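Presented below is the structure to which this report refers.
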Amino acid sequence: MVRPVRAAQPLSVVYPPANHQTVADRIFLVGTAPPAGKVLVNGKPIERSRAGHFAPSFPLQVGENAFTLQYQNQQVQLKVQRQDTTPAPPVGLAFGKDSLIPNVDIARMPGELVCFSAIAPPNATVSVQLGNDYIRLSPQLQQIQLPANSALLTGRNQPQSQASVGKYQGCTTLSVPSSAGTMRYNSDNTITGDTLPAENTLQPQFQLVLNGQTITQPSPGKVAVLSPAQLQVIEVTANEGVARTGASTDYSRLTPLPKGTRAAVTGKEGEWLRLDYGGWINSKETRTIPGAIPPRSLIRSVSARRVPGATEIVFPLQVPVPVSIKQGDRTLTLTLYNTTAQTDTIRFDDDPMIARLDWQQVTPDRLEYIFNLKSQQQWGYKLRYEGTSLVLTLRHAPKRAGEQGSRGAGEQERSNYQLPITNYQLPIQNPKSKIQNPKLIDSPITGIKILLDPGHGGKESGALGPTGYPEKEINLLISKLVREQLEQRGATVYMTREEDVYLSLPDRVAIIDKIEPAIAISLHYNALPDAGDAMKTKGLSAFWYHPQAHDLAIFLHNYLVKNLNRPDYGLYWNNLALTRPASAPSILLELGFMINPYEFEWIVNSQSQQQLASAIAQGITQWFSNIK
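Going from the sequence shown to our numbering is simple: count from 1 and add 5.
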C-alpha cells in the first residue's frame with residue numbers, strides 16, 4: 006500500500022538529521038507540511054509542491070549553521086555543521102597533528118620514488134633524515150584538489166586550486182645494498198651503502214627548524230627496501246580477490262583475481278600489497294607461500310569444452326598467474342601475466358558464440374588471448390582456477406522456451422563448481438507465476454530468466470521522501486509490479502527479496518552469480534549529495550559497469566524517458582556492487598528522485614506506478630527482440 010501524498014503531520018523535516026555534519030558548501034532541507042499556508046525558513050517563505058512538500062537549498066558557512074522552520078505555530082530547529090577540510094598549519098614549533106607521511110609502513114623496490122610530506126608553520130625549514138641521508142621538504146604553495154566521485158552527480162566535479170599554506174613535500178629514491186657493511190648515501194639522496202638493517206627498514210625522522218629552534222619527530226610509518234632476489238609470494242584466498250589501482254579502497258577496481266592466483270609482492274603500504282603485475286590487493290585476502298619463488302608459467306595447448314548454456318576454455322598453466330579481462334563490441338580479451346607461450350596447436354571447434362580465437366605475446370611475460378565473437382551482445386563470463394589450470398566460462402545467448410538448446414556432443418552438467426551464498430537462502434521463482442495471456446507465449450522473453458533486485462530493505466531504508474516514505478518500500482512495490490508484467494509476457498522472474506528484509510550487497514551479487522539470469526536489474530530511487538539542488542534535480546538514470554551491460558542500460562534508459570515523457574538524468578558508467586557482476590549483463594536503474602517534492606508526487610501515484618512497471622517490462626521485451 007502506497008502512503009498518501011498528503012503530509013502525515015503538520016510540519017516535519019526528514020533530511021538532514023539532527024546535528025548533521027558535512028563538508029559541502031550547501032545543504033537541502035527535505036520535508037512537508039499541509040498544503041495551505043506558508044512554510045518559513047529563517048523567516049523567509051520557501052517554494053512547495055501542491056501537496057505541501059519542500060526541499061530548498063541553502064549555503065553553509067564553515068562551522069555551525071542554524072535553521073528554523075516555521076508553519077503557523079509549529080517550529081522545527083536544525084543545526085548543520087560544515088567542516089573545514091583545509092588543514093590549518095600549527096601555531097608555534099610543532100608539526101600538524103597526524104600530518105607526517107608516511108603514516109603507515111611502506112616497502113618499495115630499488116630505484117622507486119619515495120615521498121614524504123608534513124604540515125608545519127609557514128617559513129619553517131623542514132627535512133627528513135633517513136639513516137644518514139637528509140631530504141629537504143619544499144613548501145607547496147598551491148595544490149590541485151579533485152572532488153569526490155559523487156560530485157559528478159551535481160555537476161561540480163571540476164578540479165579546484167587551493168592555497169596550501171604549511172604543506173611541505175619532498176622525495177628520494179632507494180637502492181638495495183649488499184649483504185654486509187655500513188650504510189652510505191649519495192648526494193642525490195640515493196641510499197647506496199653496503200648494508201641495511203636486518204629487515205631493510207628505516208625510520209624516517211622529521212626535523213623542523215623555526216626561529217632558531219629545532220624539533221625532531223619520527224613518522225608513524227617506516228620505509229623498507231625490498232630485495233628483488235627475495236620477494237614475498239602470496240596466494241589469493243578470497244573467491245574473487247579485489248585488485249585495485251592503488252593502496253586503498255579509494256582506488257579503482259581491476260578485474261578480480263580468481264582464488265588461487267599467485268604473485269610476487271613488489272610493494273607494501275600498510276595492509277595493502279602491490280603485486281608484480283601492477284594491481285594492489287588487501288593482505289587480508291591473501292596468504293604467504295613460504296619459500297616460493299616469483300610465479301612464472303609457460304603455456305602450450307589450449308582447449309575448449311561445451312557445458313549447458315556456455316563454452317569453457319581451459320588454459321593449462323604451471324602456476325595460477327594474475328589475469329585480467331577486457332570486453333570490446335565483438336571481442337573479449339583475456340590477459341595472462343607472468344606467462345610465456347610455447348603454443349603451436351589450439352583446438353577450437355565451431356562454437357555458437359565464438360567465431361575465432363587469436364593470441365599474441367605482447368611482452369615477454371604478458372600474453373593476450375582475443376576471442377572474436379559472433380554477436381555484439383555478450384551474456385556474461387566467469388573465471389576460476391581448477392588446480393593450476395585457468396577456466397574461462399563464456400555464456401551463450403539465452404534460449405527462449407521451446408528453442409533448441411546449444412549443448413554439444415559429450416556435454417555434461419558442471420557439478421564441481423558452486424558459488425556459496427552466505428547468510429541468505431537462494432530465492433526461487435515466484436510460485437504463483439503463471440502465464441496469464443496465451444497470446445504472449447511467443448514473446449521475445451518467453452522462458453527467459455530475469456532477475457530483479459529491489460534495492461535496500463530491512464535496516465537499510467535508502468532515500469526518504471518528504472513525508473518520510475522510505476525508498477526500500479517503493480523499490481519492492483515497483484519490483485513486484487514489474488515482475489507481474491514480465492511474467493505476463495512469458496519471462497521467468499526471480500527476485501532477491503520478497504519482503505522488507507535486509508540483504509547484503511555480497512549476497513545480492515551471489516544470487517546473480519548462482520541463478521545466472523539472462524539479465525539482472527537493480528531497481529532504486531535517487532537522492533543527492535548535500536551540495537545538490539533537490540528542487541531542480543529530477544529524472545531517470547541508468548548505471549552500468551561491464552561493456553556487456555551498456556546496450557541494455559542505454560536502451561532501457563532511453564525507452565523509459567521517451568515513452569513515459571520523464572526527465573533525463575543521464576547514463577553513467579559506475580562502479581556499483583549491483584553493476585559489477587560479470588556473470589550476466591547487470592544494470593541499476595534510478596527511477597526518480599525521492600527528495601524532489603514534485604517528482605515524489607509522481608513516484609507515489611498508483612497510476613504512474615502501473616505505467617512505469619509496464620514501460621520497464623515492455624522496454625525489456627523490446628530490447629530482447631532487437632538482439633541479433
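Glycine included, C-beta positions come from ideal geometry on N, C-alpha and C. As the structure is a prediction and not an experimental result, all values here were calculated from the model.
Based on the DSSP output, what are the partners of residue i in its beta bridges?
i	result
D573	L545
I497	Inspection of the sequence shows that residue 497 is occupied by Thr rather than by Ile. DSSP output for T497 lists K454 as bridge partner(s).
P144	Y173
K519	Looking at the DSSP assignment, K519 forms no beta bridge with any residue, so it has no partner.
I625	BP columns for I625 are empty, so no partner.
H25	V85
K387	T398
F320	L395
N568	Note: N568 sits in no beta bridge, so no partner.
E527	Reading off the sequence shown, one finds Ser at residue 527, where the question assumed Glu. DSSP output for S527 lists D458, L593 as bridge partner(s).
T345	L303
N377	T336, R361
F598	N531
Q366	L372
R311	T316
R31	P64
I351	V307
My assumption, with CB atoms under 8 Å, is that residue i sits in contact with residue j. Please give the rounded CB distance.
i	j	result
F598	E604	5 Å
T260	V326	With a Cβ gap of about 13 Å, T260 and V326 do not count as contacting.
H529	L594	7 Å
L339	V324	Contact flag wrong, Cβ pair sits at about 17 Å.
H461	G470	In fact, because the Cβ distance is near 13 Å, the residues do not count as touching under 8 Å.
W285	G251	6 Å
D447	T501	About 29 Å separates the two Cβ atoms, so there is no contact after all.
F629	I520	No, F629 and I520 are not in contact; Cβ-Cβ is about 17 Å, not under 8 Å.
I526	I608	At roughly 18 Å, the Cβ-Cβ gap does not stay under 8 Å, so I526 and I608 are not in contact.
P115	S180	5 Å
V46	V35	Not confirmed; about 12 Å, so no contact.
V514	G463	Rounded, the Cβ-Cβ distance is 17 Å, inconsistent with contact.
I359	F376	5 Å
F33	S62	5 Å
Q165	Q147	At roughly 11 Å, the Cβ-Cβ gap does not stay under 8 Å, so Q165 and Q147 are not in contact.
P21	L74	The pair is not a contact, with the Cβ atoms about 12 Å apart (cut-off 8 Å).
L456	P534	The Cβ separation is near 29 Å, so there is no contact.
Among the options, which residue has its Cα nearest to the Cα of residue i?
i	options	result
D349	R305, P15, R113	R305
S611	T159, Y139, D458, I483	I483
V109	A309, P459, G275	G275
S546	P534, L576, Q553	L576
P225	T219, S232, G68, Q210	Q210
S302	L322, Y139, T221, I524	L322
V307	G272, G283, Y374, K541	Y374
Y282	G272, K289, Q174, S288	G272
I140	N162, G175, A309	G175
I632	N154, A554, K541	A554
V396	F376, E317, N377	E317
Q145	Q616, R389, V170, T130	V170
G57	K43, G116, T159	K43
T398	G385, E391, A156, A406	G385
G217	R335, G97, E240	G97
K178	V214, L231, Q167	Per the sequence presented here, residue 178 reads as Thr, with Lys not at that position. Answer by Cα proximity: L231.
L16	Q77, V228, P94, K84	Q77
R585	N244, P552, N154	P552
T291	I239, P511, L372, I330	I239
D334	A129, S380, L341, R161	S380
L279	R249, D255, L262	A small fix is needed here, since residue 279 is Arg in this sequence, not Leu. Ranking the options by Cα distance to R279, first place goes to R249.
L596	Y574, T27, A589	Y574
D556	P572, K567, Q627	Q627
R639	L617, S613, D370, A582	The structure shown has nothing for residue 639, since the chain only spans 6 to 633.
Problem - Any 3 or more C-beta pairs closer than 8 Å across the stretch 483-501 and the stretch 557-564 - result: no
Handout entry: Any alpha helix (DSSP H) of 4 or more consecutive residues that is wholly inside the stretch 209-286
Key = none
Problem - At least three beta-carbon pairs within less than 8 Å, the stretch 287-299 to the stretch 363-379 - result: no
Practice task
Please specify which runs of the alpha helix (DSSP H), each continuous and at least 4 residues long, are wholly inside the stretch 98-170, giving them in chain order.
Solution key: none
Exercise for the section: Taking 8 Å as the threshold, find out whether the stretch 61-72 comes into contact with the stretch 81-99 through three or more Cβ pairs. Expected result: yes
Exercise for the section: Please confirm if the stretch 123-131 is in contact with the stretch 92-103, defined as three or more CB-CB distances below 8 Å between the two stretches. Expected result: yes
Practice task
Count the CB pairs spanning the stretch 472-481 and the stretch 520-534 that are closer than 8 Å, and state whether there are at least three.
Solution key: yes
Exercise for the section: Note down, one range per segment and in chain order, each beta strand (DSSP E) of at least 3 residues found wholly within the stretch 33-78. Expected result: 35-37, 44-46, 62-64, 68-76
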